[in-house]
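Asker: In our numbering, the protein residues as written are 172 to 595.
We put the CB at the ideal spot given by N, CA and C, even for glycine.
Values in this document were obtained by computation on a predicted structure and should not be read as measured data.
Could you have a look at this structure, given as structure tokens, before my questions?
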Ligand code: ATP
Ligand code: MG
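This is the structure in structure tokens:
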């Protein structure tokens with residue numbers, strides 16, 4: 172039997188890993204500057220956590236989770252997203268008693284049993300950001316600006332492919348009226364809905380609003396938008412948010428059909444879409460979840476957050492193929508060290524360590540092959556310097572530095588080596 176990875180679970184080859192790590196570093200830097208603290212939550216949680224947070228009737232919980240009994244017959248689920256786990260952590264460790272706002276982020280894999288396709292995997296990475304505390308629209312705008320800054324950072328100076336869409340889902344006071352209206356209006360058109368939406372009508376009617384099927388879009392397009400149903404508080408909140416976005420020069424589209432796949436959102440929700448991604452074009456999604464922490468047994472603690480899908484971000488910002496020039500350089504060593512003969516190899520272990528201690532990225536060849544063959548290997552890697560330690564060099568206590576790009580060479584002392592590398 173040929174061994175293969177599980178469908179929808181991807182390996183990261185080095186040239187892919189470097190792209191993802193590059194983006195993760197960008198996100199980490201920005202999040203730290205905004206004083207978000209990195210945390211880690213477990214890959215596995217009790218199934219109940221996701222049923223209670225994401226919602227029993229959502230697509231994620233009903234169809235997408237990896238759920239199984241472990242050897243003790245405990246029902247467990249691989250996390251399909253991070254918000255639920257972070258809320259559990261905040262409650263379990265009493266983090267809500269710390270000075271607020273609480274600002275956390277987590278980067279790691281999520282698992283959903285969906286149909287794999289472009290931009291859709293079964294194991295995918297998210298950069299998840301959560302903000303908990305007294306949530307004025309200012310914080311929401313701060314967070315939106317942060318999300319956009321992170322996403323746009325790798326495409327700086329190029330065409331901006333990212334578009335922000337926002338909507339308000341109302342609150343427990345006004346949403347029921349919209350839901351009732353929706354149920355009534357859709358019930359009358361039921362026969363024309365797609366099979367999935369027929370089902371959604373019973374368990375999750377809001378989700379019908381963002382069905383991608385033409386037949387459903389046509390029906391949805393004739394509905395009254397949720398904005399007509401918002402209560403005074405929700406309306407005001409949304410107006411302030413929009414005016415702040417405008418003041419900040421952040422362009423947005425109000426998409427009245429925007430809903431999220433998770434039950435816990437109230438008021439502001441948003442998606443940042445990336446051009447050129449096809450059907451799976453939402454790179455970042457999030458919104459407010461003011462009551463979730465309370466519903467999970469914690470105190471009243473309004474919150475908001477977003478998650479960036481790392482693979483989709485990479486597709487959009489760095490393209491599908493090839494490596495951007497900045498990363499080309501990042502995967503190359505600055506020099507390869509080529510010792511010839513056993514004595515040189517022995518001494519070489521120490522030299523290589525010293526060079527690395529000084530912060531240089533050094534590859535070393537310790538196999539018994541001819542200089543010519545090893546230089547060819549160095550060339551293949553596109554590396555600039557070959558540092559050769561042969562019998563003569565050993566005798567003189569020097570190293571031969573060969574500039575493979577310029578075709579020049581120079582015999583130098585070990586300490587001069589550092590200067591040469593620094594200048595490169
Ligand atoms: P979608 O509209 O793709 O179904 P969602 O509403 O399920 O997304 P969220 O749960 O909000 O998405 O996840 C946030 C982000 O995580 C998405 O915008 C996307 O970038 C990424 N993401 C979600 N599911 C997948 C997946 N199966 N494969 C790859 N990335 C994903
Ligand atoms: Mg989904």
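With three or more C-beta pairs closer than 8 Å as the rule, is the region 295–311 touching the region 351–361?
Answerer: Contact fails: fewer than three Cβ-Cβ distances are below 8 Å.
Asker: Could you check whether the Cβ of residue 288 sits closer than 6 Å to any heavy atom belonging to ligand 1?
Answerer: In the chain shown, the residue the question calls residue 288 occupies position 117. Result no, Cβ not under 6 Å from ligand 1.
Asker: What does a CB cutoff of less than 8 Å around residue 408 pick up in its chain, not counting 5 residues either side in sequence?
Answerer: Locating residue 408 in the chain shown gives position 237, counting from the first residue. Hits under 8 Å: 308, 339, 438 and 439.
Asker: By how many angstroms is the C-alpha of residue 326 removed from the C-alpha of residue 488?
Answerer: Counting from one through the chain shown, the residue named residue 488 turns up at place 317. Counting from one through the chain shown, the residue named residue 326 turns up at place 155. In a straight line, the C-alpha of residue 488 is about 6 Å away from that of residue 326.
Asker: Report buried or exposed for residue 484, applying the criterion of at least 16 other Cβ atoms within 10 angstroms of its Cβ.
Answerer: Here residue 484 refers to the residue found at position 313 of the chain shown. Classification for residue 484: buried.
Asker: Does DSSP put residue 544 in a helix, a strand or coil?
Answerer: As a working mapping, residue 544 is identified with position 373 in the chain shown. Residue state, collapsed to three classes: helix.
Asker: Look at the Cβ atom of residue 555, then the Cβ atom of residue 595, and state whether they are nearer than 7 Å.
Answerer: As a working mapping, residue 555 is identified with position 384 in the chain shown. As a working mapping, residue 595 is identified with position 424 in the chain shown. Taking 7 Å as the Cβ cut-off, residue 555 and residue 595 qualify as a contacting pair.
Asker: Should residue 283 be listed as close to ligand 1, given that the test is whether its C-beta is under 6 Å from any heavy atom?
Answerer: Position 112 of the chain shown, counted from the start, is the residue given in the question as residue 283. The answer is yes for residue 283.
Asker: Given this structure, state the Cα-to-Cα distance separating residue 481 from residue 458, to the nearest angstrom.
Answerer: Residue 481 sits at position 310 when you count from the first residue of the chain shown. Residue 458 sits at position 287 when you count from the first residue of the chain shown. So the two alpha carbons sit approximately 18 Å from each other.
Asker: Give every residue of the same chain whose Cβ lies closer than 6 Å to the Cβ of residue 198, excluding the five residues on either side of it in the sequence, and list them in chain order.
Answerer: Reading the chain shown from its first residue, position 27 is the one you call residue 198. Within the same chain, residue 198 has close Cβ partners 298 and 321.
Asker: Does DSSP classify residue 287 as helix, strand or coil?
Answerer: The count along the chain shown starts at 1 and reaches residue 287 at position 116. Note: residue 287 maps to coil in three-state DSSP.
Asker: With a cut-off of 8 Å on the beta carbons, I'd call residue 114 and residue 519 a contact; round off their distance for me.
Answerer: For residue 114 there is no data in the structure shown, the boundaries of the chain being 172 and 595.
Asker: What's the C-alpha gap between residue 501 and residue 251?
Answerer: Taking the chain shown and counting its residues from 1, the one referred to as residue 501 is at position 330. Taking the chain shown and counting its residues from 1, the one referred to as residue 251 is at position 80. Residue 501 and residue 251: Cα-Cα distance of roughly 32 Å.
Asker: Measuring CB atoms only, is the region 440–450 touching the region 216–234, in the sense that at least three cross pairs come out at less than 8 Å?
Answerer: Segments in contact, no.
Asker: In terms of residue numbering, what span does the beta strand (DSSP E) encompassing residue 310 cover?
Answerer: In the chain shown, counting from the first residue as 1, residue 310 sits at position 139. From DSSP, residue 310 is part of no beta strand (DSSP E) but of the alpha helix (DSSP H) over 308–323.
Asker: Beta strand (DSSP E) containing residue 586: first to last residue?
Answerer: Locating residue 586 in the chain shown gives position 415, where the first residue counts as 1. Not the beta strand (DSSP E): residue 586 falls in the alpha helix (DSSP H), residues 585–594.
Asker: Looking at ligand 1, does it come within less than 6 Å of residue 233, judged from the CB to the closest heavy atom?
Answerer: Start at 1 with the first residue of the chain shown, and residue 233 comes out as number 62. No; taking the cut-off as 6 Å, the Cβ of residue 233 has no heavy atom of ligand 1 nearer than that.
Asker: Could you give the distance in angstroms between the alpha-carbon of residue 246 and the alpha-carbon of residue 224?
Answerer: Here residue 246 refers to the residue found at position 75 when the chain shown is read from its first residue. Here residue 224 refers to the residue found at position 53 when the chain shown is read from its first residue. If I take the Cα positions, the gap works out to 16 Å.
Asker: Since I believe residue 575 is in contact with residue 550 (beta carbons under 8 Å), could you give me their beta-carbon distance rounded to a whole number of angstroms?
Answerer: Position 379 of the chain shown, counted from the start, is the residue given in the question as residue 550. Position 404 of the chain shown, counted from the start, is the residue given in the question as residue 575. Yes, residue 550 and residue 575 are in contact; Cβ-Cβ is about 6 Å, under 8 Å.
Asker: By the DSSP assignment, the beta strand (DSSP E) with residue 338 in it spans what residues?
Answerer: Position 167 of the chain shown, counting from 1, holds the residue named residue 338. Its beta strand (DSSP E) spans residues 333–339.
Asker: Using CA coordinates, which residue listed in 296, 201, 283 and 400 is at the minimum distance from residue 313?
Answerer: The residue given as residue 313 occupies position 142 in the chain shown. Per the Cα distances, 201.
Asker: Give the straight-line distance between the Cα atoms of residue 221 and residue 255, rounded to the nearest whole angstrom.
Answerer: Walking along the chain shown from the start, residue 221 turns up at place 50. Walking along the chain shown from the start, residue 255 turns up at place 84. Each residue's alpha carbon lies about 7 Å from the other.
Asker: Spatial neighbours of residue 599 within its chain, please: CB distance less than 7 Å, with the 5 preceding and 5 following residues excluded, ordered by chain position.
Answerer: Absent from the model: residue 599. The displayed extent of the chain is 172 to 595, so no value can be given.
Asker: Mind reading off the beta-carbon distance from residue 296 to residue 210? Whole number of angstroms is fine, and I expect it under 8 Å.
Answerer: Residue 296 sits at position 125 when you count from the first residue of the chain shown. Residue 210 sits at position 39 when you count from the first residue of the chain shown. Between residue 210 and residue 296 the Cβ distance is about 16 Å, and since that is not below 8 Å, they are no contact.
Asker: Among all the DSSP beta bridges, which residues are the ones paired with residue 439?
Answerer: Working through the chain shown from its first residue, we reach residue 439 at position 268. DSSP output for residue 439 lists 339 as bridge partner(s).
Asker: Over the uninterrupted alpha helix (DSSP H) stretch that includes residue 510, give me the two end residues.
Answerer: Within the chain shown, the letter at position 339 stands for residue 510. Counting along the chain, residue 510 falls outside any alpha helix (DSSP H), though it belongs to the beta strand (DSSP E) covering 506–510.
Asker: Would you kindly report the start and end of the unbroken beta strand (DSSP E) that includes residue 297?
Answerer: In the chain shown, residue 297 corresponds to position 126, counting from 1. Taken as a continuous stretch (DSSP letters only), the beta strand (DSSP E) holding residue 297 covers 294–303.
Asker: With distance defined between alpha-carbon atoms, name the residue in 396, 337 and 175 nearest to residue 356.
Answerer: Translated into the one-based positions of the chain shown, residue 356 becomes position 185. Nearest option by C-alpha distance: 396.
Asker: Tell me which same chain residues have a C-beta within less than 6 Å of the C-beta of residue 423, skipping the five on either side of it?
Answerer: Here residue 423 is taken as the residue at index 252 of the chain shown, counted from 1. Contacts found: 335, 337 and 416.
Asker: Going straight from the alpha carbon of residue 370 to that of residue 350, what length do you get?
Answerer: Against the chain shown, residue 370 aligns to sequence position 199. Against the chain shown, residue 350 aligns to sequence position 179. Cα to Cα, residue 370 sits roughly 15 Å from residue 350.
Asker: From what residue to what residue does the alpha helix (DSSP H) around residue 390 run?
Answerer: Taking the chain shown and counting its residues from 1, the one referred to as residue 390 is at position 219. Looking at the DSSP string, the run of the alpha helix (DSSP H) that includes residue 390 is 385–392.
Asker: Compare the C-alpha of residue 411 against each of 427, 215 and 310 and name the closest.
Answerer: Here residue 411 refers to the residue found at position 240 when the chain shown is read from its first residue. Closest option to residue 411, Cα to Cα, is 310.
Asker: Please classify residue 461: does DSSP put it in a helix, a strand, or coil?
Answerer: Position 290 of the chain shown, counted from the first residue, corresponds to residue 461. DSSP places residue 461 in coil when its eight states are reduced to three.
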